[in-house]
Amino acid sequence: MNQLCIIPCGKRKIWDKFPDVAETEAQNAYIGVLHNLCQQYVTNYFNNWVIISGKHGILLPDDIVPENYDVTFRPNDPRVVSVKTLQRQLKEKKLEHFNDIIVLTGQKYRPIINNTFSHADSIQFPLLGSKGIGDMQRLLKESITSNVPLHK
Numbered sequence: 001m002n003q004l005c006i007i008p009c010g011k012r013k014i015w016d017k018f019p020d021v022a023e024t025e026a027q028n029a030y031i032g033v034l035h036n037l038c039q040q041y042v043t044n045y046f047n048n049w050v051i052i053s054g055k056h057g058i059l060l061p062d063d064i065v066p067e068n069y070d071v072t073f074r075p076n077d078p079r080v081v082s083v084k085t086l087q088r089q090l091k092e093k094k095l096e097h098f099n100d101i102i103v104l105t106g107q108k109y110r111p112i113i114n115n116t117f118s119h120a121d122s123i124q125f126p127l128l129g130s131k132g133i134g135d136m137q138r139l140l141k142e143s144i145t146s147n148v149p150l151h152k
């Protein structure tokens, strides 16, 4: 199976720490603890991964994020990227062939991911059931340290 891991972007971005930074690659734009742990996890276990952003949709690690923003996946928020746009991005970025999707997010991303990747044979949410972000961070740290993946 071709695996693709999806990680969340995060509220904290490089511009919060360095306001004068120009546009930057997605893999360097997000600086929150959860995002950094997710990036360490994907570096350990995956060849193929993307970041999902409420504003920009699906970002490859080297895609450019032009500036700071504050948009998250909230129902009925007109600024949030649509499932139709996410599906178009899958084709444009040549990601539609992945049929085993691992998602390192919480519950609120589930409907968006399930609708976007409806073609997938398997969609895993290994952090689902966590008791919040702190618990997610703990699980990721333990997995990284012990070299035992959370996904199948």
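Counting along the sequence shown from 1, when you hit position 79 you're at 79 in full-length UniProt numbering, and nothing is skipped either side.
Every residue, glycine too, gets a C-beta built ideally from N, C-alpha and C.
Since the structure is predicted, the reported quantities are computational estimates derived from the model, not experimental observations.
Cβ-based burial, Thr43 [other Cβ within 10 Å; buried from 16]:
Here residue 43 refers to the residue found at position 43 of the sequence shown. It is exposed - the Cβ of Thr43 has fewer than 16 other Cβ atoms within 10 Å.
Quick one: Cα of Lys93 to Cα of His35, how far?
Here residue 93 corresponds to residue number 93 of the sequence shown, with the count starting at 1. Here residue 35 corresponds to residue number 35 of the sequence shown, with the count starting at 1. Using only the alpha carbons, I get a separation of about 22 Å.
Assuming His97 contacts Asn28 under a Cβ cut-off of 8 Å, what Cβ separation, rounded to an integer in Å, is found between them?
On the sequence shown, residue 97 is found 97 positions in, with the first residue counted as 1. On the sequence shown, residue 28 is found 28 positions in, with the first residue counted as 1. Contact between His97 and Asn28 fails: their C-beta atoms lie close to 27 Å from each other, not under 8 Å.
Starting from Leu4 and walking both ways along the beta strand (DSSP E), at which residues does that stretch end?
Within the sequence shown, residue 4 is the residue found at index 4, counting from 1. Per DSSP, the unbroken beta strand (DSSP E) holding Leu4 starts and ends at Gln3 to Pro8.
Spatial distance of Asn68 from Ile14 (CA atoms)
One-based indexing of the sequence shown puts residue 68 at position 68. One-based indexing of the sequence shown puts residue 14 at position 14. The C-alpha of Ile14 is placed about 8 Å away from the C-alpha of Asn68.
Limits of the unbroken beta strand (DSSP E) element including Gln107:
Here residue 107 corresponds to residue number 107 of the sequence shown, with the count starting at 1. Taken as a continuous stretch (DSSP letters only), Gln107 belongs to no beta strand (DSSP E), as it is neither H nor E.
Can you check whether the CB of Trp49 is closer than 9 Å to the CB of Pro61?
Along the sequence shown, one-based indexing puts residue 61 at 61. Along the sequence shown, one-based indexing puts residue 49 at 49. By the CB criterion at 9 Å, Pro61 and Trp49 fall inside the cutoff.
DSSP three-state assignment for Tyr69, whether helix, strand or coil:
Locating residue 69 in the sequence shown gives position 69, counting from the first residue. Coil at Tyr69, not helix or strand.
Would you check if the distance between the CB atom of Arg41 and the CB atom of Ser143 is smaller than 9 Å?
In the sequence shown, counting from the first residue as 1, residue 41 sits at position 41. In the sequence shown, counting from the first residue as 1, residue 143 sits at position 143. The sequence given here places Tyr at residue 41; Arg does not occur at that position. With contacts defined as CB atoms closer than 9 Å, Tyr41 and Ser143 qualify as a contacting pair.
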